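Numbering (the working numbering), first residue to last: -11 to 54.
Right, dumping it as structure tokens:
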């Protein structure tokens, strides 16, 4: 189980979120089970996803369908 603080710290360090943005995403993840935390091309997202996974937090790269 990951703490709110750990997930927030990860989103700030890995995804470049501001602390407030990371806190909002973490709250959404807690209640809904997932949240789109970053939009970018695959080459940008893949290493971020790997870094999040290395910290023991579930993450996937998904294609957004318009």
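Even for Gly, the Cβ is constructed at its ideal location relative to N, Cα and C.
Just so it is clear, the structure is predicted and the values come from calculations on it, not from any experiment.
query                                                                                              : result
Same chain only: Cβ atoms within 8 Å of residue 52, ignoring 5 sequence neighbours per side        : 24 and 27
Sequence ranges, alpha helix (DSSP H) only - wholly within the region -11 to 18, length at least 4 : -8 to 3
Inter-residue Cα distance where the pair is residue 34 and residue 16                              : 22 Å
Alpha-carbon spacing of residue 44 relative to residue 54, whole angstroms                         : 30 Å
Residue 48, enclosing alpha helix (DSSP H) - first and last residue                                : Per DSSP, residue 48 belongs to no alpha helix (DSSP H) and is neither H nor E.
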